[in-house]
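Residue numbers (my numbering), protein chains in the order written: chain Y, 1 to 249; chain U, 250 to 498. Cβ atoms here follow ideal geometry from the backbone N, Cα and C, with glycine treated the same way.
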């Protein structure tokens with residue numbers, strides 16, 4: 001944990017907050033904080049700040065908090081992901097938040113098992129702590145927005161323009177003739193990156209995506225598993241965007 | 250499994266091989282192969298080829314194999330990795346082979362638990378099938394070379410020049426002033442990428458690496474967990490090398 005993330009329900013009162021949960025345990029057992037020590041803190045979806053340890057008492061840590069004025073920007077990349085199997089998705093939540101995504105749009109697809117959507121893994125109670133764990137790892141405060149869509153066609157035809165109104169839409173596909181690097185070079189718009197299930201999108205899905213402005217991009221000759229592909233593509237996309245001359249999203 | 254990898258111990262006799270293990274099960278249960286069908290095959294550390302199903306019988310699959318002449322090149326990136334905890338390393342083996350590494354050099358470090366080296370995870374019996382699983386996923390035949398080193402100083406001072414005689418040495422470090430993209434732009438040498446333990450290399454280790462030609466490179470402001478960092482850095486390094494004008498390693 002490289003950042004202590006606070007949120008309204010922690011009840012920050014006159015800038016003082018007392019932590020009693022896993023964060024307090026981590027501060028006491030791993031970081032071994034002592035009164036007077038200054039910690040890097042953040043307000044969820046808000047600014048960074050400094051928390052000075054006021055008191056350490058019986059598993060509780062009291063911090064006196066000051067916050068900066070500016071709120072860090074939302075990461076410029078959104079993800080449209082065919083829901084992987086629950087075991088894989090469980091590991092992905094924190095990784096996605098760590099790599100940096102503004103929005104995670106989970107969708108059904110022909111090669112997704114429909115009952116994955118009935119599992120715990122797509123409930124906010126499950127994924128919210130995992131996303132926060134990822135943010136605390138990399139010192140970000142911006143919680144990815146998450147939505148789940150059981151009907152791919154309705155998502156793409158009716159809902160996607162609201163979720164992602166403008167920007168570059170890319171779909172990872174081994175048949176893509178453009179590389180993700182070329183597709184993003186010197187662009188400064190938001191990016192929506194679509195990643196299909198193990199086995200890929202079917203023809204109907206790929207055509208529907210292309211009809212809705214998704215450009216197929218290839219990651220070279222190696223067809224990675226979905227979780228590895230998510231990390232690899234997000235890392236490369238961020239790497240290319242960091243080098244864009246202007247950043248204004 | 251996108252490629253059936255064969256090896257000498259499969260006993261290829263007059264180009265005919267009979268599989269009876271997990272590969273046969275996968276071919277029968279998942280891919281549902283039938284006689285006459287042509288499959289993409291490869292010889293471990295050898296060429297690609299085609300395997301035509303000759304017979305399917307009681308859980309066994311017999312293939313008639315022809316091989317191409319050329320052997321694919323070893324991936325141009327090697328990895329020096331402070332051994333992560335066994336649970337993480339278990340997941341990493343297949344991912345590293347899938348992303349493409351020529352050599353994996355595992356090392357101890359101040360922030361590595363020494364007993365990690367006594368676990369099953371660093372034995373060939375454990376990691377070889379996992380590496381092969383990764384190669385079969387991405388259709389590669391080149392098995393990464395693996396070595397383990399319990400003494401970091403001896404590794405860096407005495408052994409490393411044999412393991413990695415020439416090329417670019419990079420060490421991932423949040424304090425790095427160069428990006429990995431800049432360090433590799435327009436270079437066509439082999440790359441050795443060093444990734445430290447959770448919590449990072451200590452000062453002594455980082456200085457020793459720098460004294461032995463490692464250039465610190467940063468991956469931006471987000472400090473990723475080791476497994477995510479491995480995937481992200483290898484993906485970016487391959488992405489930059491793919492764009493190099495000449496590739497001759």
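Asked, Found
"By the criterion of Cβ-Cβ separation under 7 Å, what are the contact partners of residue 242 of chain Y in chain U?", "469"
"Taking CB distances under 9 Å as the criterion, tell me whether residue 186 of chain Y reaches chain U.", "no"
"Excluding the 5 residues flanking residue 27 of chain Y on each side, which residues of the same chain have their C-beta closer than 6 Å to its C-beta?", "33, 61"
"Going by DSSP in three states, residue 109 of chain Y sits in which element: helix, strand or coil?", "coil"
"How is the beta strand (DSSP E) around residue 302 of chain U delimited, first residue to last?", "297 to 306"
"Inspect the beta-carbon positions of residue 380 of chain U and residue 346 of chain U and report whether they are closer than 9 Å.", "yes"
"Listing by chain order, which chain U residues have their CB less than 8 Å from the CB of residue 236 of chain Y?", "484, 485, 488"
"With distances taken between CB atoms, is the gap from residue 427 of chain U to residue 466 of chain U smaller than 9 Å?", "yes"
"Determine the chain Y residues that contact residue 390 of chain U at a beta-carbon separation under 9 Å, and present them in chain order.", "Near residue 390 of chain U there are no residues of chain Y at all, since even the closest Cβ is about 12 Å away, more than 9 Å."
"Evaluate residue 149 of chain Y with the Cβ neighbour count: other Cβ atoms within 10 Å of its Cβ, from every protein chain shown; 16 or more gives buried, anything less gives exposed.", "buried"
"Counting Cβ pairs closer than 8 Å, one from the segment 436 to 456 of chain U and one from the segment 320 to 329 of chain U, do we hit at least three?", "yes"
"If we call anything under 9 Å between Cβ atoms a contact, is residue 250 of chain Y one with residue 171 of chain Y?", "For residue 250 of chain Y there is no data in the structure shown, the boundaries of chain Y being 1 and 249."
"So, using beta-carbon positions, are residue 484 of chain U and residue 231 of chain Y closer together than 9 Å?", "yes"
"What are the residues of the segment 42 to 58 of chain Y that lie near chain U, defined by any Cβ-Cβ distance shorter than 8 Å?", "none"
"Closer than 8 Å is the cut-off here; do at least three beta carbon pairs connect the segment 362 to 378 of chain U with the segment 400 to 415 of chain U?", "no"
"At a CB distance below 9 Å, what residues from the segment 79 to 100 of chain Y approach chain U? Give them in sequence order.", "91, 94, 95, 98, 99, 100"
"Express the C-alpha separation of residue 475 of chain U and residue 220 of chain U in angstroms, rounding to a whole number.", "Nothing about residue 220 of chain U can be reported from this structure: the residues present for chain U run from 250 to 498 only."
"Does chain Y have any CB closer than 9 Å to the CB of residue 443 of chain U?", "no"
"Take the Cβ of residue 453 of chain U as the centre, count every other Cβ of all protein chains shown within 10 Å, and call the residue buried at 16 or more, exposed below.", "exposed"
"For residue 95 of chain Y and residue 2 of chain Y, which I take to be in contact (beta-carbon distance under 8 Å), what is that distance rounded to the nearest angstrom?", "Contact doesn't hold; Cβ gap of about 15 Å is too wide."
"Please look up how many angstroms separate the CB atoms of residue 47 of chain Y and residue 68 of chain Y, rounded, as I've assumed it's under 8 Å.", "5 Å"
"What residues from chain Y crowd round residue 430 of chain U, counting only those whose CB sits closer than 7 Å?", "239, 243"
"Since residue 292 of chain U and residue 255 of chain U should fall inside the 8 Å C-beta cutoff, what is the C-beta to C-beta distance between them, to a whole number of angstroms?", "5 Å"
"Going by DSSP, what residue range makes up the beta strand (DSSP E) through residue 467 of chain U?", "463 to 467"
"Flag this pair as yes or no: are the beta carbons of residue 321 of chain U and residue 391 of chain U separated by less than 9 Å?", "yes"
"For residue 100 of chain Y and residue 221 of chain Y, I'd like the C-alpha separation in whole angstroms.", "25 Å"
"Could you tell me which of Y:238, Y:57, Y:21, Y:92 sits nearest to residue 468 of chain U, measuring between CA atoms?", "Y:238"
"If we cut at 9 Å on Cβ distances, does residue 315 of chain U have a partner in chain Y?", "no"
"Where does residue 173 of chain Y land, buried or exposed, given buried means 16+ other C-beta within 10 angstroms?", "buried"
"Hey, does residue 249 of chain Y have any beta-carbon neighbour from chain U nearer than 9 Å?", "Interpretation of residue 249 of chain Y is limited by its pLDDT of 45, a score under 50 that renders its predicted location unreliable; the figure taken from the coordinates is listed afterwards. Chain U contact via Cβ: absent."
"Helix, strand or coil: how does DSSP classify residue 496 of chain U here?", "Residue placement at residue 496 of chain U is flagged as unreliable, the pLDDT there being 48, under the threshold of 50; a coordinate-derived value is accordingly withheld."
"Exposed or buried, which one is residue 30 of chain Y when buried takes at least 16 other CB atoms within 10 Å?", "exposed"
"Closer than 8 Å by C-beta to residue 400 of chain U: which residues in its own chain qualify, once you throw out the five before and the five after it? Chain order, please.", "357"
"If I measure Cβ to Cβ from residue 249 of chain Y and keep anything under 7 Å in the same chain, skipping five residues before and after, which residues do I get?", "Reliability fails at residue 249 of chain Y, whose pLDDT of 45 lies under 50, so the model's placement of it is uncertain and the value that follows must be treated cautiously. So the list reads 76, 188, 189, 190, once near-sequence residues are dropped."
"Among the residues of its own chain, which have a CB less than 7 Å from the CB of residue 45 of chain Y, if the five just before and after it don't count?", "141, 142, 143"
"For residue 387 of chain U, return the contacting residues in chain Y, with the cut-off set at a CB-CB distance below 7 Å.", "222, 223, 224"
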